[in-house]
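Enquirer: Heads up: the protein sequence lines correspond to chains A and B, in order.
In terms of the working numbering, the first sequence opens at residue 1 and continues consecutively.
In terms of the working numbering, the second sequence opens at residue 1001 and continues consecutively.
We put the CB at the ideal spot given by N, CA and C, even for glycine.
Input: one structure, supplied below.
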Amino acid sequence: MPAVFTIDARSGVPIYLQLIDQVKRSVAIGVLEPGEQLPTVKQLALDLTINPNTVARAYRDLERDEVIETASGRGSFVRGNGTAMTARKALSDVAVDSLTHAIREAKSIGLNRSEVLALVQTAVDRWFPKEEQ
Amino acid sequence: MTAISIRNLTKNYGSFVAVNDFSADIEAGTVFGLLGPNGAGKTTTFKCMLGLAAPTAGSVLFEGQPLQPALFERLAYVPEKSVLYDWMTIGEHLEMQRRAFSRFDAGRAKELLALFDLGEKKKVRSLSKGMRTATALCMAFANNPDILVLDEPTSGLDPVNQRAVLKLIIDASAQGKTIVFSSHQIGQVERAAENIAIMQKGKLLVGGSIDDLKAGWKIVEAIFDTDQFSTNGLAGDSRVHRMERTGRILRLSVHTGADALVDELTKMGANCRAVDLNLEDIFLNAVDPATVTTDLVEKA
């Protein structure tokens, strides 16, 4: 299991949320593959120098979101069943968070609804050329 | 299960109130961080917990019971000021521990010494402040205690050894031990602890889970079209800890409900956003009315 997680302990974002976000991202982009074992709570806590109960809380939430599963005594694994769905769901969670943040920022600097929609349209056009529509 | 319950603890030294009606519950198997500026009352709190100072009022219970000798085997305390004997070697200190504590693990002691690069033959007299702290930590952890009380356990250590101490705390926590530690370095507490109490002048200022505090405490910044905007209702709002207005800008320090407040202010016509705060920001917001401008509206 590669060391793919980085935690900013001094961020205002709770550490367990950072961890959840990073695991989802890793699953979504395929860095963590279906069936792959995650580090134990203790190992990850020591690797990242963060509280083990914080790691356990992140793992519990990831289980609830059906991103990982825990086999008692064997450890935690990226879910195998319906992997594509898990990954898409994970990815869309991350994407929705980023989009919400961006739209809120746009609103906070005073852009109106149609200006924001136009910006989104421009961004979408850039990443999805016409032929892909 | 509550490992340590501190109830309305007060400690006076003459007319000086070192600890003032301080309460905290520390759950078994958790790491609890005690934060506060110098003289906040952290060390006095520890001393009262461990029976080294008699509380003026209030009580401390371990697993529901007052401190009693049966607990000494399972409890380790590392004070801020080293209590080692200058004329003895590190190895002799460990030998003393071995004789006094049935749970002492000699193999673990050797591992711990190696971790901090401490030689058994070294005399305490020749050790730096940081090395003394490290020696005391080795003695405490080698006893395999269930409850650890560590007063400034990283003080005097270089960053590499500070990180090693944090990892010891995390490792012990993963084994279900209960750890209480104090530190000036908020970043260390932010990593290793899950629950905190911030003390100032003997009093509890802010307490709770770090994740919950970060999720709750925000700065809500609202920019209105005119500086004649009304803040009616906000002054008495229970979500608002402090309110500050400068020209067209309103800054609210809130400890809960930031998202709803952003929506409400947006409906009032403001361009509004909520800013996340880290533990240091929360600490400063809780402690410091000093960012005070002339326009500050202080809440009672």
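If you follow the beta strand (DSSP E) that E1244(B) is in, where does it begin and where does it stop?
Expert: 1240-1246
Enquirer: Determine the DSSP secondary structure at D1211(B), reduced to helix, strand or coil.
Expert: helix
Enquirer: Sort A1270(B), F1022(B), A1258(B) by Cα distance to L1250(B) and report the nearest one.
Expert: A1270(B)
Enquirer: Check whether the Cβ of L119(A) lies closer than 8 angstroms to any Cβ atom in chain B.
Expert: Cβ-Cβ to chain B under 8 angstroms: no for L119(A).
Enquirer: Quick one: which residues of the segment 42-53 of chain A get their C-beta closer than 7 angstroms to a C-beta of chain B? List them in chain order.
Expert: Flagged, chain order: K42, A45, L46, T49, I50, N51, P52, N53.
Enquirer: Using the rule of at least 16 other Cβ atoms within 10 Å of the residue's Cβ for burial, across every protein chain shown, is G35(A) buried or exposed?
Expert: exposed
Enquirer: Under 7 angstroms Cβ to Cβ from A1122(B), same chain only, skipping five residues before and after it: list those, please.
Expert: Note that residue 1122(B) is Lys in the sequence shown here, rather than Ala. Excluding sequence neighbours, K1122(B) sits near T1089, I1090.
Enquirer: Using a cut-off of 8 angstroms between C-beta atoms, extract the partners of A1109(B) located in chain A.
Expert: None at all; the shortest Cβ gap to chain A is about 20 angstroms.
Enquirer: With three or more beta-carbon pairs closer than 8 angstroms as the criterion, would you say the segment 1097-1106 of chain B touches the segment 1138-1152 of chain B?
Expert: Inter-segment contact for the segment 1097-1106 of chain B and the segment 1138-1152 of chain B is present: three or more beta-carbon pairs are separated by less than 8 angstroms.
Enquirer: Tell me whether D1151(B) is buried or exposed, calling it buried when 16 or more other Cβ atoms sit within 10 Å of its Cβ.
Expert: buried
Enquirer: Tell me the DSSP bridge mates of L1007(B)?
Expert: Note on identity: in this sequence residue 1007(B) is Arg, with Leu being the wrong assignment. S1059(B), per the DSSP bridge assignment.
Enquirer: Between the Cα of L1118(B) and the Cα atoms of H1093(B), R1191(B), G1058(B), which residue gives the shortest distance?
Expert: H1093(B)
Enquirer: Using the beta-carbon of each residue, which ones in chain A are nearer than 7 angstroms to C1272(B)?
Expert: S108
Enquirer: Can you check whether the CB of V94(A) is closer than 8 angstroms to the CB of D8(A)?
Expert: no
Enquirer: At the 8 angstroms Cβ level, is G1187(B) part of the contact set with chain A, yes or no?
Expert: yes
Enquirer: Return the first residue and the last residue of the beta strand (DSSP E) that E1221(B) is part of.
Expert: It spans 1218-1223 - the beta strand (DSSP E) in which E1221(B) sits, taken as one unbroken run.
Enquirer: Per DSSP, K42(A) forms a beta bridge with which residues?
Expert: Its beta-bridge partners do not exist; DSSP assigns none.
Enquirer: Return no unless some Cβ of chain B is closer than 8 angstroms to the Cβ of M1(A).
Expert: Only weak support exists for where M1(A) lies, its pLDDT of 49 falling under 50; the value from the coordinates is given anyway. No - not a single Cβ of chain B is within 8 angstroms of the one on M1(A).
Enquirer: Less than 7 angstroms between the CB of R1098(B) and some heavy atom of the ligand GTP, yes or no?
Expert: Looking at this structure, you won't find the ligand GTP or any other ligand, since it has none at all.
Enquirer: Confirm, please, whether the CB-CB distance from W1217(B) to I1282(B) is below 8 angstroms.
Expert: yes
Enquirer: Who does N1012(B) pair with in a DSSP beta bridge?
Expert: V1017(B)
Enquirer: Decide if Q1065(B) is buried, meaning its Cβ has at least 16 other Cβ atoms within 10 Å, or exposed.
Expert: exposed
Enquirer: So which residues on chain A does G1246(B) lean against when the C-beta distance must stay under 9 angstroms?
Expert: With the sequence shown as reference, residue 1246(B) is identified as Thr, and Gly is not the correct amino acid for it. The premise fails here: T1246(B) is roughly 17 angstroms from chain A at the closest Cβ pair, so nothing lies under 9 angstroms.
Enquirer: What in chain B is Cβ-close to R10(A), meaning under 7 angstroms?
Expert: G1187, E1190, N1278
Enquirer: What are the boundary residues of the beta strand (DSSP E) that D8(A) is part of?
Expert: Counting along the chain, D8(A) falls outside any beta strand (DSSP E), and DSSP gives it neither H nor E.
Enquirer: Looking at chain A, is there any beta carbon in it that lies within less than 8 angstroms of the beta carbon of R1239(B)?
Expert: no
Enquirer: Here's a check: name, in chain order, each residue in its chain whose Cβ is nearer than 8 angstroms to the Cβ of V4(A), leaving out the five neighbours to either side.
Expert: Only Q22, S26, V31, L32 meet the Cβ criterion.
Enquirer: May I ask you to list the residues that DSSP assigns as paired with M1301(B)?
Expert: Past the boundaries of the shown model lies residue 1301(B); chain B is included only from 1001 to 1300, so the question cannot be answered.
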